[in-house]
Structures are given as structure tokens and as C-alpha cells.
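> Quick one: the structure is below, and I'll ask about it shortly.
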Amino acid sequence: MRVLRLSYGVRGFVRLSDYALRWSHMITRSATDRARILAFWERHGLAATQEAFRVSRRTLFLWKQQLREGGGMPEALNPKSTKPHTLRRRTAEWPPEVLAEIRRLREEHPNLGPAKCAVLLRPFCIARRLSVPSARTVARLIHDLGGLRLFPEKVRHDGRIVPRKREHVLRKPKGFHADYPGHLVTLDTIERFLHGTRRYLLTFTDTHSRFSFAWATRSHASQAAAEFFRLVRRVFPVPWVYVLSDNGSEFKKRFAAEVRNQHLTHWKTYPQCPRMNPHDERFNRTLQEEFVNYHAGLLLDVRRFNVRLVEHLLWHNTERPHHALGLKSPVQFLGEKYPEQCKMWWHNTFP
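Numbering follows our numbering, with no gaps: position 235 of the sequence shown is 235.
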């Protein structure tokens, strides 16, 4: 079940909730204990209180003064901040030359980490007979200097220059294994060049049953991927849970909206990392070696190519043996292992 945060986009909601949480816990447990010790002191005297709670006379009078200045409210006994008024500045202890070199390294190489900065900083410090900071010290100096982080920028349509924010996407967890049909389905794209034109094959694979499908298009837009997604939902009519794809533009915008409308979780692979989608990549190779390479000329007429492609996919899913399935076809595997769920072929009425 997906958890949706209803406060997203509401300005000041998190700050208000933080205030409410703070107000609901105004009297801390330490303040309650101190109030109980003061009450015990008034009832049984100083000697008994010191013996029972191991509290000095000076501390008792300090708590009593705080309670009196707070108007008798228990909140006055809450522990105060113990942060020192004067803090040691780490940047003041290191020579300006070292700090300037760290700034230069981070400006020229924004993604250079503190460990690598420390390695490059070592010959600079040795040549000038300066102290060489460790990697951890360099990390603290970078933090004290404000982070020294530069973000890439982009120009908007109205001429404003804004930072290019990194896109945060869901990644496939390590060690994930599909346990049933539809648990994880994968999609990918094959691009082919023919006589100066481009054709695209959108491919689909169910990682558990190895049921696969493909469709050729002239467009590489997300609308084509969304239409392919709706087509595959009818071809493979089992409940889906997770959808895995790469970071291509065809799997964004309208395709992502279609996945959200179906209340599915969309995972994406790491850039330039096809091994995170091995099942569909293997189907791409099989499809090209067994069909596309022998019918590449039909790609100029996408409609004729798709007719022949569907005929091949029917054989691929119903008759072709798969080593991963014990030399059975995907439909045979589904019919034998999940007979009550398989609705993709004729009913088996034989005894």
C-alpha cells in the first residue's frame, strides 16, 4: 500500500506541526523529576534529599530559583541549552592557503569528494611546508566553508537562470526476486536504423514467467510508450505490482502518468546500467537474432512488420522452449503452475 503525504505543497504545514509537537511536550521528563525532588526537599529536608537523590545543595537552590523566576510553572525546570557561547572555529586554525586551495578544487571539480581532495591537497601542502589535513578534516572544512557545492544551471523559457535539480527516482532494490506473474514487469526500447530512417521496438517481459511482447513504432515519444503500456495490459491480463524501465524520455511524462493512474510502482535502472534489467535485455537480443534481423526490410512499413511480429510472438510465448522455464513455453509454464489464474489461452479440458 502506498502512503501519500497529504501535506505536500501546503506552505508552513511542517513548521506548524513542529510547533504543535513542541507545545505538546513543553514539560520534559527532567523537569518533572526536578519538581518531584524539590517537593521532597520541602517535605523531608536537605540531608534526606541529598542522600536519596545525590543532588548537591547548590543545584537544589538553583532549581528553586528557576522555579520562582518562572512563576511556579514546571516548564521553568526544563533543561537549558548547554551549547558554549564561544565556539572554536576550525577554519581559523588552518592557513588561508589551504582553505583557498580547497575552494579552488571544489570550484573546478564540484563533485570531487573529501577523500580525493585530500589526496590532491597533500603535494600542495608539502611543497609549502604546511600541515596536511586528513580526509575527514577536509570534509569538516568543506562543511564549515558552506559546503562549496556548485549545482549545474539551466535557462528557462522566460530567461531566468535556475539550478538544475537532480531527479530523484525509485530504484530497484538489490536482491529483489519476482515471486509470481506480474510481480515485476520490465520494459525497454530497441532502436534500428534503416535507409536513413529510425524505427523503434518497444519490448515487454514478465520476469517470473518470461512472457514477452513487442511492438514497432515510428515515434519515440512518451505517448507511444503509454499506448504500448495499455496494449500490454490487455495482452498480459494479470495484476501488476512493479514496473521497471530505464531512464529514457519515452518512459516519462505520459507513460509515467499512465503508470500512476494504474497505482503501480515505477522503478528505474541506474544510468548506463542495463544489467539491472537483464530479462528484457535478453529478450531484446533473442528477438533481434530470431526475427528482426531476418525481417528488417519490413520496418519501412510498420503495420506489415507488426503483423509478422505478432505471429512470431505467438510462437515465442506458446511453443518456443525456454531454458529458464525448464524447456517449457511461458504459456505452458503459467498453465501448469498457475492453472486457476492463467486466462491467456484455451482451457485445458483433457483429464
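Note that CB positions come from ideal geometry on N, CA and C, so glycine has one too.
(1) Exposed or buried, ASP206, counting other C-beta atoms within 10 Å across all chains shown (16 or more means buried)?
(2) Just reading off the alpha helix (DSSP H) that ALA224 is part of, what are its end residues?
(3) Given this structure, state the Cα-to-Cα distance separating GLY45 from ALA39, to the nearest angstrom.
(4) Buried or exposed for PRO351, please, with buried defined as at least 16 other CB atoms from any protein chain shown within 10 angstroms of its CB.
(5) Can you look up LYS337 in the DSSP assignment and give me helix, strand or coil?
(6) So what does LEU202 bridge to, in DSSP terms?
(7) Which partner residues does TRP267 have in the DSSP bridge list?
(8) Per DSSP, which one or two residues make a beta bridge with VAL162?
(9) Please determine, among LEU67, PHE305, MET26 and ALA100, the residue with the shortest C-alpha to C-alpha distance to THR217.
(10) Taking buried to mean at least 16 other C-beta atoms within 10 Å of its own C-beta, is VAL239 buried or exposed?
(11) Do you know how far the Cα of LEU112 is from the Cα of THR189?
(12) By a C-beta neighbour count over all protein chains shown, 10 Å radius and 16 as the cutoff for buried, is ASP280 buried or exposed?
(13) Taking the alpha-carbon positions, what's the TRP345 to VAL331 distance?
(14) Inspect the beta-carbon positions of PRO74 and THR32 and report whether they are closer than 8 Å.
(15) Report the three-state DSSP secondary structure of THR86 (helix, strand or coil).
(16) If GLU258 and PHE229 are in contact, beta carbons under 8 Å, what's the gap, nearest whole angstrom?
(17) Let me confirm a value: PHE204 is counted as buried when at least 16 other C-beta atoms fall within 10 Å, else exposed. Which label applies?
(18) What residue from ARG233, TYR270, ARG149 and VAL302 has the CA that sits closest to GLU167's CA?
(19) Take VAL155 and list the residues in its own chain whose beta-carbon comes closer than 7 Å to its own, dropping the five residues that flank it on each side.
(20) With VAL98 and CYS125 assumed to form a contact (beta carbons below 8 Å), what rounded beta-carbon distance in angstroms separates them?
(21) Going by DSSP, which residues form a beta bridge with LEU46?
(22) Assess contact between the region 102 to 117 and the region 142 to 157, defined as three or more Cβ pairs (one per stretch) separated by less than 8 Å. Is contact present?
(23) Based on Cα-Cα distance, which residue from SER56, PHE283, GLY182 and THR265 lies nearest to PRO237?
The structure says:
(1) Mapped onto the sequence shown, residue 206 falls at position 206. So ASP206 ends up on the buried side.
(2) For the purposes of this step, residue 224 is taken as the residue at position 224 of the sequence shown. Looking at the DSSP string, the run of the alpha helix (DSSP H) that includes ALA224 is 222 to 235.
(3) Translated into positions along the sequence shown, residue 45 becomes position 45. Translated into positions along the sequence shown, residue 39 becomes position 39. Going by the C-alpha atoms only, they are around 10 Å apart.
(4) Within the sequence shown, residue 351 is the residue found at index 351, counting from 1. Low confidence applies to PRO351: its pLDDT is 43, below 50, so where it sits in the model is not reliable enough to give any reading.
(5) Here the question's residue 337 lines up with position 337 in the sequence shown. Correct three-state label for LYS337: helix.
(6) Residue 202 sits at position 202 when you count from the first residue of the sequence shown. The partner list for LEU202 (beta bridge, DSSP) reads THR189 and TRP215.
(7) For the purposes of this step, residue 267 is taken as the residue at position 267 of the sequence shown. Per DSSP, LEU244.
(8) For the purposes of this step, residue 162 is taken as the residue at position 162 of the sequence shown. For VAL162, DSSP records a beta bridge to LYS154.
(9) Indexing the sequence shown from 1 puts residue 217 at position 217. Among LEU67, PHE305, MET26 and ALA100, the Cα nearest to that of THR217 is on PHE305.
(10) The residue given as residue 239 occupies position 239 in the sequence shown. The sequence as given places Pro at residue 239; Val does not occur at that position. Exposed.
(11) Here residue 189 refers to the residue found at position 189 of the sequence shown. Here residue 112 refers to the residue found at position 112 of the sequence shown. Distance between the alpha carbons of THR189 and LEU112: 34 Å.
(12) For the purposes of this step, residue 280 is identified with residue 280 of the sequence shown, where counting begins at 1. By the 10 Å Cβ count, ASP280 comes out buried.
(13) Within the sequence shown, the letter at position 345 stands for residue 345. Within the sequence shown, the letter at position 331 stands for residue 331. In this prediction, TRP345 scores a pLDDT of 49, lower than 50, which makes its location untrustworthy; no coordinate-derived value is stated.
(14) Looking up residue 74 in the sequence shown gives position 74. Looking up residue 32 in the sequence shown gives position 32. It is a contact, given that the beta carbons lie within the stated cut-off.
(15) As a working note, residue 86 is residue 86 in the sequence shown. DSSP places THR86 in coil when its eight states are reduced to three.
(16) To locate residue 258, count along the sequence shown from 1; it is residue 258. To locate residue 229, count along the sequence shown from 1; it is residue 229. Their Cβ separation, rounded to whole angstroms, is 5 Å, which keeps GLU258 and PHE229 in contact under 8 Å.
(17) Stepping through the sequence shown from its first residue, residue 204 is reached at position 204. The residue in question, PHE204, is buried, as its Cβ has 16 or more Cβ neighbours within 10 Å.
(18) For the purposes of this step, residue 167 is identified with residue 167 of the sequence shown, where counting begins at 1. Of the candidates ARG233, TYR270, ARG149 and VAL302, the one whose C-alpha sits nearest the C-alpha of GLU167 is TYR270.
(19) Along the sequence shown, one-based indexing puts residue 155 at 155. The answer, listed in chain order, is ILE161.
(20) On the sequence shown, position 98 is the one that residue 98 refers to. On the sequence shown, position 125 is the one that residue 125 refers to. With a Cβ gap of about 6 Å, VAL98 and CYS125 count as contacting.
(21) The sequence position of residue 46 within the sequence shown is 46, counting from 1. Its beta-bridge partners do not exist; DSSP assigns none.
(22) yes
(23) Working through the sequence shown from its first residue, we reach residue 237 at position 237. Taking only the C-alpha atoms, the option nearest PRO237 is GLY182.
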